Structures are given as C-alpha cells and as structure tokens.
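For the record, the sequence lines run as chains B and F. Just remember that my numbering sits 14 ahead of the position in the first sequence, which is counted from 1. Just remember that my numbering sits 10 ahead of the position in the second sequence, which is counted from 1.
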Amino acid sequence: MSVLISVKSLRKYFPVSGLPFAKKQYVKAVDDVSFDIEKNTVFGLVGESGSGKSTLGMSMIRIIKPTSGTVLMDGVDVSTLRGRERAKWSSQLSYVYQNPVSSLDPTWTVEQSVSEPLAAAHVPQGERKDMVLQSLASVGLQDYFLEKFPHELSGGQSQRVAIARALVRRPKFMILDEPTSALDVSIQAQLLNLMMDLQREYGLTYFYISHDLNVVGRVCDRIAVMYMGKVVEIADAWDLFSSPMHPYTQALISTTRFKSSNFLGFRLTGEPPSPRNPPTGCHFNTRCPYATSICFQEEPKLLVAKGDHAVACHNLELVAQGKIQVPQNFQPVSAGGNRPQGQVD
Amino acid sequence: MSDNAELLKVTDLSLDYYTSQGITHALNGVDLSLKRSQILGIVGESGSGKSTLAYALTRLVPRNAVYRSGEVLFDGMSMLDLSEKELRGIRGKRISMVFQDPTTSLNPLFKVKDQIGRVLELHQGMSRAEARRAASGFLSAVELPDPDQVLDSYPFQLSGGMQQRAMIAMALSTRPDLIIADEPTSAVDATIQVQILELLSRLRREHEFSMLFITHSLDVVSAVCDSIMVMYAGNVVETGTVSEIFSSPKHPYTQALFSSIPRPRKSADEEKTLATIPGSPPDPRSLPSGCKFHPRCPYAFERCRTEDPAFRFVEPGHGVACHLY
C-alpha cells in the first residue's frame, strides 16, 4: 500500500467580523489536522454539523485556500503547482456535493452538466460525447438521460448524474461530501453499492464525509472523527467501532445503538460550545464526563495509542476503566438500554 | 372513558391530490388505530404518504386534496364532518404538531415568549403574566437550561436542538391528547437526536399523551415507539408492535428496508455491499396494478400483478398486506 494523499498540519481559520479596532477573532474551522490516505481505500470523516468536515474536504483540494499547512498528492506539494501542472493535478480530483438538486444547474441538460469538466480540461469537442455516455453508463443511466433537465430527475438519479460528472475526467481521488444524506434508505443503499463498485473498478481513492456513523462504518476502511475543527481519533473502521477510545467517539457510537444490550459509552448532555470561542484545553472538556484538571489547561495531541489507532485524549486510562469524573455530564440511558459500566463517584 | 380506549381510529382513508399533471393517489384505504398514551411510528420513504396522512387527520390539507373515502374518529368525533370552527378548537389544542425543521416552523420575528405565550393565551385563556410563567415551566420540562433567557430570545439566537425543544414545549403547552410529530429529529445532529428522543419518551410517561411519530428511520422508531406502521405508495403494508416487526418483519418491503440500512462492518474482510431494493418507488400518478410493491418485489407472482392484497392479521396485533401470508 502506498500513500496517495498526505495532509500535514492543515489549518483553515475564518475571520469573524467584530467591532472595528477590536482584536481580530477567528473561527478555527480546521485546526492542525494531519493524516494520510492510502491508495485504493475509502477514508471516512465523521463529525457533527459545524465540526469542520466540509471545510477540511474543500481545503484539501484547494476549493478554499487553507490558512496554512500542506497537502501532498503522490508526494508533491499541491500549493507549489502552477499552470499546466496545476491543471493536470486538478483533473485528477473531483468533489461530489451533498444536495444533488442544488449542485446541478437547473437550466442545463445532463449532457451539458456532465461534459463541463471536459470543456474545462480542453478535451476536443468531438471526443466529449463518448466520454459522457461512458460515464453515464458506469453509473447506470441510459443514453436518453442526456437530454433531461435536473427537474425531470429523481433525487437518486440526480446524484448519479453528479457522480457521473465527477467521474468523467477519470480522477484518482474523489471527495464525497454527504453524497447520500438527502436520499431515502433504499436509494441510499443502491448509491452506496454503486460508489463502492466504481471505487474497486477504477481503483479510486475516496474521502468520504458524513455525519452518519452507520454509513461510514459500512463503506470506509479508515475513519477520522472530528470535533470542533480537530481530529480526535483515527483508526481502522472495524477497530473504531469495536473499541472506540475517545469519549466523544464513544458517545457518537452510542447514538446508533438505541436499544442494544451491549451498550457502550454514555449519552452526551448539552451541545457543542460556540466555535468562536472554544474552551481552553481540550475542546471537548465542557461535555466530557472524564475531564480532569489537565483537560482544562492543555490541549491533547493526537498520539498513537496502539497499532494504527491514534487518539487525542489525556485520560485514556480513566476512559478505558469507565471512571466517570463529572457526574452531571453523564446521563444513563433510560429507554431500554443498559447503564454503562463503571461507577459514578 | 377507560385508559386503554382508542383515541384515534382511521378507517379506509383515501385521499387524492388533483394536479395539472393528473390525479395523485396519495392515500389508499389507510386504517389506523391509536390507543391513549401510545406512540405509533409511521415509517415510509418520501412519497409514501406518511406526511399526507398526518395532515389529513386534522384536515390541514391543501385545496387540491379530495377525500375519496374513509372516516377519522378522534375521541369519538368524526374529524371529517366537523365545522372549521369546531376543528380550530381541536387543532393546536387537543391535537398539536411538531414539525421537522424548527427553523422554518418558528416565526423568526417573534420572541419565544410571544409564540408559546400566544398559544396559552388563545387556548387556555391565560393572562400575559400567567402565560409567561406557564411557558417557563414548559421550557424547563423540555430540559432547556435557563428558560427565562430562552423566553426572551428570538429563534435565531437558539441552536437547532434548542429550537426543537421549544417547539416541543409549545406542543405540550395545551396539554394535548395527541401530538403529531413529523420527522422531529431529522434536522438535528446524532447526539442531539438521542437527547430529544429520550426527552419525548420521558414526557410521554409523565404527561400521558398519545403520539403519531412520522419518520423515515427504523432506528428512530425503535427508540420511542410502541408500535409501527409501514407505508408504501399510500398503502399500509404492515403494522405491529416494535418487537414483533423488528424480530420478524413479514412484508417483503419491510424486510428490504431493514436489510438496506447500512451497519458498520465488523472486520476488514466483511463485504461492503448492501442488499438493495431494485428500482425506485412508483409514480403516485400512475400506480402499478395489484400490489403496489410487485414491480420491486423478489417474491412477486401472478396474483400480485392483478389483485391488491387485503390487509390481514397473521398474529394478534401484527398485520400485513401481502399475498404470501
């Protein structure tokens, strides 16, 4: 296995408008994030809304310009590329957005939408139609879809068109930003299968952004969990679900197990703090039942805990033993679930 | 009236929408029964008629909707025969609603106190000061910290989860017999969703209201509901208790819905591919003949193409509309 994408200390800060002459404030949407994505794998990114998932995805391929940090693709720093080199690099990438209806131009036919990336890459006019047809066929759409407009398509069909458009230049790397969250479960299952088939068939590498842990756990090989602009845990997918180490990951996974007898973790109370003004120390300390004094002073670093499993937490031992420190941040499960292991001090 | 009496009974409800592109059969012979302090989950994909059903019960349907047949009895009253004036005394008072997106269902121009207070002034005849006190009580009941500050906030000053809690407080404030919740947790994050579902379970035990819980998610249903009704193309295809339906789903559509929910893989070798339902839901303007699910059903045989399956009970409390049973 070799690394395709390597993200190193990537940051994206957005300035917040405040009073004139006041000290400039920033929302740290992505704050010092580093990870590697191996070729031919599906790398998942989970987190709740506002955690910075999409900002991370977009800054990785410079749809928005990162504040600092580097992204290497095949070992090349993409920010140094200019002119033809840069165009060649960008033709190897594509992005699929969440809402299939708003990501297609309503006044364009499917053919126009899907062939646009080819026009941008100066592919001769005569060759475009065949490539468009091939791309549509690979997502299971027949020739007669060429003349259709977005309003004539169902949600699932629109998302297939968006994927066909992303595939048409034969990219190496695709960012899929919540590609199925606007769809019904039965259509979602079809799309997930299609995307996994395409990934295997064309040897693609995916960066899969989603808030849905079940989906990410199903389709991804490796998963990063994000909270308030930071990656708090990275592990292989099955490892993350069988032995989550960060308290936030544990809480997230517990949300997918409403009535499971082998309930693990705890229910989170409260809501994430404002990203304008994050707590000092660990950003999770306002909601964490394991927080001790160090969590309020020092930001934990993402460190390898075992094998390929990295986690950013000061109190891994307390968490592993289930020793709750802050009972008011802890809520036992009421509806049928079991109380978690460990005692409330 | 005894405690386990039926609060809501719907018989053979059919409703059409007349549109410029033809007649849409949104509901086809829906039967439903809800006892007091029970939560019934209505599950279906988009276009299955689950929201139309919710609105049709209180006659909150657009002008182009026509009731083809059926009867809706709420606490013995025939909802389809009441006058508009009588209905106004029921809607928002004895039956209240919680909608999917709290940002669009709260009025952005009024503070929370004006929105909850108005309900109380209108339906309970309270004075302004009484309404404020009562509203503050309901906001604490939905576990909003610092209710007085929330009362003086505009909706945009609250997070999505707080807005949805305020909506639930508003729905509770008239002490309704029935709450209709239309995808109340679809717009919020997973950790907030769990909090709201557990809140609803607790409130139901304390306040003893019945609830129709409309959702597309079977997982959510299992968290709060007592029984489930699965809808497909305007038809009820299966009903039963949560434990019945989760342990032995009978209708091929219900089975397919379960198998198409993604679950995390347990090892690196486990297949990523999911079982899927081929095709997509039918166009409600031209529904297939016979069983509406037959074009996508792996078990379909000749009779399914011609004859609409009748709804029958395979076990007490577990009904299914399928020729296989």
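Here a beta-carbon is modelled for each residue, glycine too, at the ideal position from N, C-alpha and C. Note that the structure is a prediction, hence the values are computed from the model and not measured.
Classification of residue i by the beta-carbon crowding that lies within 10 angstroms, buried from 16 upward
{"i": "B/Glu424", "result": "What is shown of chain B runs 15 to 359, which leaves residue 424 of chain B out entirely."}
{"i": "F/Val330", "result": "buried"}
{"i": "F/Arg295", "result": "exposed"}
{"i": "B/Ala334", "result": "exposed"}
{"i": "B/Ser307", "result": "exposed"}
{"i": "B/Ser116", "result": "exposed"}
{"i": "B/Val124", "result": "buried"}
{"i": "F/Arg138", "result": "exposed"}
{"i": "B/Arg96", "result": "exposed"}
{"i": "B/Val182", "result": "buried"}
{"i": "F/His217", "result": "exposed"}
{"i": "B/Arg184", "result": "exposed"}
{"i": "B/Leu278", "result": "Any reading at B/Leu278 must be qualified, since the residue scores a pLDDT of 47, below 50, and its modelled position is unreliable; no value is offered."}
{"i": "B/Pro80", "result": "buried"}
{"i": "B/Phe57", "result": "buried"}
{"i": "B/Asp157", "result": "exposed"}
{"i": "B/Phe35", "result": "exposed"}
{"i": "B/Ser31", "result": "exposed"}
{"i": "F/Val119", "result": "Residue 119 of chain F is actually Leu in this sequence, not Val. Exposed, by the Cβ-count rule."}
{"i": "F/Gly135", "result": "exposed"}
{"i": "B/Gly350", "result": "Since pLDDT at B/Gly350 reaches only 35, below the 50 mark, its modelled position is unreliable, and no value is offered."}
{"i": "B/Asn329", "result": "buried"}
{"i": "F/Thr195", "result": "buried"}
Short Cβ contact (8 Å threshold) for residue i with residue j
{"i": "B/Asp91", "j": "B/Lys244", "result": "no"}
{"i": "B/Met259", "j": "B/His323", "result": "yes"}
{"i": "B/Ile77", "j": "B/Tyr40", "result": "no"}
{"i": "B/Val199", "j": "F/Ile271", "result": "yes"}
{"i": "F/Asp192", "j": "F/Phe219", "result": "no"}
{"i": "B/Gly169", "j": "B/Ala203", "result": "no"}
{"i": "F/Phe303", "j": "F/Pro262", "result": "yes"}
{"i": "F/Met241", "j": "F/Ser58", "result": "yes"}
{"i": "F/Leu67", "j": "F/Val53", "result": "no"}
{"i": "F/Ser93", "j": "B/Ile201", "result": "no"}
{"i": "B/Leu24", "j": "B/Gly83", "result": "yes"}
{"i": "F/Gln203", "j": "B/Thr300", "result": "no"}
{"i": "B/Val318", "j": "B/Val246", "result": "no"}
{"i": "B/Asp50", "j": "B/Val85", "result": "no"}
{"i": "F/Cys235", "j": "F/Ile49", "result": "yes"}
{"i": "F/Glu208", "j": "F/Gly327", "result": "no"}
{"i": "B/Cys296", "j": "B/Pro314", "result": "yes"}
{"i": "F/Cys301", "j": "F/Asp279", "result": "no"}
{"i": "F/Ala197", "j": "F/Gly170", "result": "yes"}
Contacts of residue i in chain F (Cβ-Cβ under 7 Å)
{"i": "B/Asp198", "result": "Glu55, Ser56 and His226"}
{"i": "B/Val229", "result": "Pro272"}
{"i": "B/His225", "result": "Asp199 and Ala200"}
{"i": "B/Glu285", "result": "Ser169, Gly171 and Ile202"}
{"i": "B/Gln204", "result": "Thr286"}
Closer than 8 Å at the beta carbon, the chain F residues around residue i
{"i": "B/Gly243", "result": "Within chain F, no residue comes near B/Gly243; the closest Cβ sits about 16 Å away, beyond 8 Å."}
{"i": "B/Met72", "result": "Chain F residues near B/Met72: none, gap ~20 Å exceeds 8 Å."}
{"i": "B/Ser168", "result": "Ser290"}
{"i": "B/Val233", "result": "Pro272 and Lys282"}
Chain A contact for residue i (CB, 8 Å cutoff)
{"i": "F/Pro259", "result": "Absent from the structure is chain A; the protein chains it does hold are B and F."}
Chain F contact residues for residue i, given Cβ-Cβ distances below 9 Å
{"i": "B/Arg281", "result": "Thr201, Val204, Gln205 and Glu208"}
Cross-chain neighbours of residue i in chain B, by beta carbon under 7 Å
{"i": "F/Ser277", "result": "Trp252"}
{"i": "F/Thr283", "result": "Asn207 and Met210"}
{"i": "F/Ile287", "result": "Ser200"}
Cβ-heavy atom distance, residue i to the ligand COA, below 7 Å
{"i": "B/Gln156", "result": "As for the ligand COA, it is missing from this structure, which has no ligand bound."}
Cross-chain neighbours of residue i in chain B, by beta carbon under 9 Å
{"i": "F/Leu267", "result": "Val199 and Ser200"}
Residues within the segment 195-214 of chain F neighbouring chain B, beta-carbon criterion of under 8 Å:
Going along the segment 195-214 of chain F in chain order, one finds Asp199, Ala200, Thr201, Ile202, Gln203, Val204, Gln205, Leu207, Glu208, Ser211 and Arg212 with a Cβ nearer than 8 Å to chain B.
| Quick one, which residues of the segment 150-176 of chain F are near chain B if we go by CB-CB under 7 Å, in chain order? | The residues in question are Ser169 and Gly171.
Query - Three-pair Cβ contact test at 8 Å for the segment 200-216 of chain F versus the segment 77-87 of chain F - result: Taking 8 Å as the limit for Cβ pairs, the verdict is that the segment 77-87 of chain F does not touch the segment 200-216 of chain F.
- Task: With 8 Å as the C-beta to C-beta threshold (strictly closer), list the residues of the segment 294-317 of chain F near chain B in chain order.
- Result: Answer in chain order: no residues at all.
Query - Segment contact flag, the segment 107-117 of chain F with the segment 139-155 of chain F, C-beta cutoff 8 Å, min 3 pairs - result: The segment 107-117 of chain F makes no contact with the segment 139-155 of chain F; the number of CB pairs closer than 8 Å stays below 3.
What are the residues in the segment 246-273 of chain B lying within 8 Å of chain F by C-beta distance? Cβ contacts with chain F: Asp250, Ala251, Trp252, Phe255, Ser256, Ala265, Leu266, Ser268, Thr269, Thr270, Phe272 and Lys273.
Does the segment 235-249 of chain F come into contact with the segment 37-53 of chain F, if we say contact requires no fewer than three beta-carbon pairs (one atom in each stretch) closer than 8 Å? Three or more Cβ pairs closer than 8 Å define a contact, and the segment 235-249 of chain F meets that threshold against the segment 37-53 of chain F.
Requested in this report: Could you tell me whether the segment 174-188 of chain F touches the segment 126-134 of chain F, using the rule of 3 or more Cβ pairs below 8 Å?
Outcome: Touching, yes, given that three or more Cβ pairs across the two stretches are closer than 8 Å.
Interface residues of the segment 41-75 of chain B facing chain F [CB-CB below 7 Å]: For chain F, the residues of the segment 41-75 of chain B that bring a beta carbon within less than 7 Å of one of its beta carbons are Glu62 and Ser63, in chain order.
Cβ-based contacts, 8 Å cut-off: residues of the segment 83-113 of chain F near chain B: Within the segment 83-113 of chain F, no residue qualifies.
- Do three or more CB pairs link the segment 269-289 of chain F to the segment 205-218 of chain B at distances below 8 Å? The segment 269-289 of chain F, when compared against the segment 205-218 of chain B, does touch it at the 8 Å Cβ threshold.
Item to complete: Specify whether the segment 98-113 of chain B and the segment 144-154 of chain B touch according to this definition: at least 3 beta carbon pairs, one from each stretch, less than 8 Å apart.
Response: In the pairwise beta carbon analysis, the segment 98-113 of chain B is classified as not touching the segment 144-154 of chain B: fewer than three pairs are separated by under 8 Å.
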